[in-house]
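Going by full-length UniProt numbering, the first residue of the sequence shown is number 1, and it counts up by one from there. C-beta: ideal position from N, C-alpha, C; glycine also. This report concerns only the one structure given below.
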Amino acid sequence: MAAKLKKGDKVVVLAGKDKGKEGTISSVDPKAGKAVVDGINMAIRHTKQTQTSQGGRIPQAMPIQLSNLAYLDANGKATRVGFKVEGDKKVRFAKTTGDVIDG
Numbered sequence: 001m002a003a004k005l006k007k008g009d010k011v012v013v014l015a016g017k018d019k020g021k022e023g024t025i026s027s028v029d030p031k032a033g034k035a036v037v038d039g040i041n042m043a044i045r046h047t048k049q050t051q052t053s054q055g056g057r058i059p060q061a062m063p064i065q066l067s068n069l070a071y072l073d074a075n076g077k078a079t080r081v082g083f084k085v086e087g088d089k090k091v092r093f094a095k096t097t098g099d100v101i102d103g
């Protein structure tokens with residue numbers, strides 16, 4: 001199935017402890033149906049010091065279910081994502097405004 005949310009998309013959280021917060025998707029795991037969003041679903045991870053990085057209690061963004069995320073359209077409102085064929089390409093579009101997301 002085609003991905004409705006991709007890396008780099010601006011999204012808003014619909015449910016959970018970070019409900020209402022906005023962020024950008026940094027990675028997507030389609031097999032697990034989860035995505036990592038910058039600054040969302042933060043957890044403290046205890047890491048050991050290495051030559052390149054300082055150790056300690058470091059906050060890290062954890063994966064969140066794709067069903068709990070909604071795409072932000074040009075107006076900054078949450079919208080669903082649909083697909084349509086323009087010419088010979090399949091493109092994503094915002095259901096509220098009808099604007100093409102990538103194309």
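Pull the bridge partners of residue i from the DSSP assignment, please.
i	result
serine 27	Val36
glycine 82	Phe93
isoleucine 44	Pro59
isoleucine 64	Ala35
aspartate 102	Arg92
For residue i, is the classification buried or exposed, using 16 other Cβ atoms within 10 angstroms of its Cβ as the cut-off for buried?
i	result
aspartate 9	buried
isoleucine 64	buried
asparagine 68	buried
isoleucine 25	buried
methionine 52	Correcting the residue type first, residue 52 is threonine in the shown sequence and not methionine. Exposed.
alanine 15	exposed
Once you ignore the five residues that flank residue i on each side, which residues in its own chain have a CB closer than 7 angstroms to its CB?
i	result
glycine 55	Thr47, Lys48 and Gln49
leucine 66	Leu5, Gly33, Lys34 and Ala35
Looking only at its own chain, which residues have a Cβ that is under 6 angstroms from the Cβ of residue i, when we skip the five neighbours before and after it?
i	result
threonine 97	Asp73
Suppose the cutoff is 8 angstroms on Cβ atoms and the five residues either side in sequence are ignored; what does the same chain contact list for residue i look like?
i	result
isoleucine 40	Val13, Asp18, Lys21, Gly23, Ala61 and Ile64
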